[in-house]
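Numbering (my numbering), first residue to last: 1031 to 1496.
Don't be surprised by glycine CBs; every beta carbon is placed ideally from N, CA and C.
First up is the structure itself, then whatever we jot down about it.
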Ligand SMILES: [Cu+2]
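Dropping the structure here:
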């Protein structure tokens, strides 16, 4: 994949200040371990024509992409150079929520280092991301710039025969931003209620960047790393978007949609069949999430220029993940209500376990938004299969780790508690809401000796044909 596209190939877009925003992904060498260093630091960086103080991973906006192969172990030597504590959350990955892995209860004090270490699960290649998860400081740290993409590559990307391996593979981290004078706009009291938003949309740190396709098939791995802005994405030419994956997991087959609502923390992989003559523009339409939201100064997200005329044709794959068997029997049902700053009527309290579950079981959770604006639900460690929205079956089969609920909506999800055990959290992914208490603690105990095994693949049946 990326290795064949050697050089940086991005044109500056509106408001951009230099070249280089959306590079093709490069696979790491095939080795058992990948050792990387990363820091979080305060730096001044050119943004929207100003030198703005930002908090950045590796001094970059977004943070440097972490790219691994399935089965590779990442040793990430992380140093906190911020004036306050922080930590890392590896969003969407089914890795241990404990120890040196995705342990969000860790706190790394200013000036100290910590080495994270975990193995990218085999069979779960996809688009993920990382961001801080120190409770109470998540929203301000993310708003100041701390977020980066994380990609796990698998057979689809590494087998040269696969169409996806011949796609021009690009990681695009999206977020919005607002300046106040020459600095990043600080949180105002009302931002904690609404969620902090800004009128400029950045794709890999730039407004409306332009890139030239290197292949007739472009794979855009979109990450919504905004604190609160939901992105209603579409093609400017009105043609449908072709979805390949959601929240890191390939769909059974490519799925055409008119537009795509990508709420904070969600990811979507799009496939774009390019012709040698047509440009493709991606736009963000206005979305009403139940609170007044600043309109974007430009609806342009990014633009892709056609590939060179001699770029070989790459067919759009007809099958991606293929058929997956239906989930195991639901063994337990729960209801979770979401409202401003509470889940099931109570705010987060550190140390209190709100839900106890068991590995090896499937649970069906009924999520109910009893509030007056959109809220989202994100569960760490275990992804889920959405079953229904307001009683209607989910339109196609997928796995998610974050799902949006409009006011009054009811969403049912099936969660197979596969493999991992330990204590972690679930929360609203409007970052301000999570910090203010829309979060709970779940502890998953080991499988009981008599419980039936739950298959990793057993959670997503092939979409119903209608
Ligand atoms: Cu919320």
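Name the DSSP beta bridge partners of residue i, please?
i, result
"residue 1406", "1434"
"residue 1087", "1070, 1090"
"residue 1251", "1201, 1299"
"residue 1149", "1103"
"residue 1245", "In the DSSP output, where bridge partners are listed per residue, residue 1245 has none listed."
"residue 1443", "1395, 1416"
"residue 1064", "1104"
"residue 1456", "1409, 1470"
"residue 1161", "1119"
"residue 1285", "1273"
"residue 1257", "Per DSSP, none; premise fails for residue 1257."
"residue 1082", "1075"
"residue 1279", "1276"
"residue 1110", "1070"
"residue 1265", "1312"
"residue 1320", "Answer is none; residue 1320 lacks a bridge partner."
"residue 1422", "1419"
"residue 1097", "1181"
I believe residue i touches residue j by the beta-carbon criterion, under 8 Å. Please report the beta-carbon distance rounded to the nearest angstrom.
i, j, result
"residue 1069", "residue 1108", "7 Å"
"residue 1072", "residue 1118", "At roughly 17 Å, the Cβ-Cβ gap does not stay under 8 Å, so residue 1072 and residue 1118 are not in contact."
"residue 1178", "residue 1093", "3 Å"
"residue 1293", "residue 1406", "5 Å"
"residue 1373", "residue 1404", "Not quite, the Cβ-Cβ distance comes to about 15 Å (not below 8 Å), so this is no contact."
"residue 1454", "residue 1408", "The pair is not a contact, with the Cβ atoms about 11 Å apart (cut-off 8 Å)."
"residue 1401", "residue 1437", "6 Å"
"residue 1164", "residue 1137", "6 Å"
"residue 979", "residue 1212", "Nothing can be reported for residue 979: it is not among the residues displayed for the chain, which extend from 1031 to 1496."
"residue 1215", "residue 1228", "7 Å"
"residue 1241", "residue 1134", "Their Cβ separation, rounded to whole angstroms, is 34 Å, which puts residue 1241 and residue 1134 out of contact at 8 Å."
"residue 1295", "residue 1432", "5 Å"
With distances taken Cα to Cα, identify the nearest neighbour of residue i among the options.
i, options, result
"residue 1231", "1161, 1256, 1160, 1242", "1256"
"residue 1317", "1103, 1289, 1242, 1127", "1289"
"residue 1181", "1122, 1219, 1216", "1122"
"residue 1152", "1051, 1137, 1392, 1062", "1062"
"residue 1337", "1140, 1219, 1246", "1246"
"residue 1273", "1195, 1285, 1353", "1285"
"residue 1270", "1310, 1252, 1210, 1261", "1310"
"residue 1415", "1320, 1081, 1206, 1360", "1360"
"residue 1147", "1308, 1065, 1339, 1394", "1065"
"residue 1124", "1321, 1139, 1155", "1155"
"residue 1267", "1276, 1252, 1312", "1312"
"residue 1398", "1458, 1161, 1171, 1342", "1458"
"residue 1210", "1261, 1172, 1220, 1080", "1080"
"residue 1095", "1082, 1078, 1120", "1120"
"residue 1206", "1422, 1077, 1420, 1394", "1077"
"residue 1339", "1193, 1306, 1326", "1306"
"residue 1171", "1344, 1084, 1385", "1084"
"residue 1349", "1192, 1128, 1158", "1192"
"residue 1201", "1167, 1075, 1251", "1251"
"residue 1087", "1098, 1097, 1067", "1067"
"residue 1145", "1330, 1158, 1129", "1129"
"residue 1091", "1344, 1297, 1204", "1204"
"residue 1166", "1052, 1371, 1315", "1371"
"residue 1449", "1127, 1074, 1053, 1051", "1127"
"residue 1355", "1282, 1141, 1386, 1296", "1282"
"residue 1308", "1114, 1265, 1314", "1265"
"residue 1157", "1183, 1140, 1389, 1323", "1183"
"residue 1141", "1385, 1391, 1110, 1451", "1110"
Can you confirm whether residue i, when its beta carbon is compared against all beta carbons of chain B, has any partner nearer than 8 Å?
i, result
"residue 1323", "Of the protein chains in the structure, only one exists, and it is not chain B."
Report the residue ranges of all beta strand (DSSP E) runs contained in full by the stretch 1329–1402; include only those spanning at least 3 residues, in chain order.
1330–1335, 1360–1369, 1385–1388, 1392–1399
So, do the stretch 1472–1479 and the stretch 1427–1437 have three or more beta carbon pairs nearer to each other than 8 Å?
no
Three or more C-beta pairs under 8 Å: does that hold for the stretch 1464–1475 against the stretch 1369–1381?
yes
At 4 residues or longer, what runs of the alpha helix (DSSP H) sit wholly inside the stretch 1198–1240?
1219–1224
Contact the stretch 1299–1309 vs the stretch 1442–1450: 3+ CB pairs below 8 Å
no
Touching or not, the stretch 1087–1104 and the stretch 1050–1062, by the rule of three or more beta carbon pairs under 8 Å?
yes
Counting beta carbon pairs with one atom in the stretch 1365–1372 and one in the stretch 1239–1258, are three or more of them shorter than 8 Å?
no
Could you say if the stretch 1224–1242 and the stretch 1186–1193 meet the contact criterion of at least three C-beta pairs nearer than 8 Å?
no
My parser needs the beta strand (DSSP E) runs of 3 or more residues fully inside the stretch 1114–1146; what are they?
1119–1121
Every unbroken beta strand (DSSP E) within the stretch 1164–1197, with a cutoff of 3 residues, ordered by chain
1178–1183
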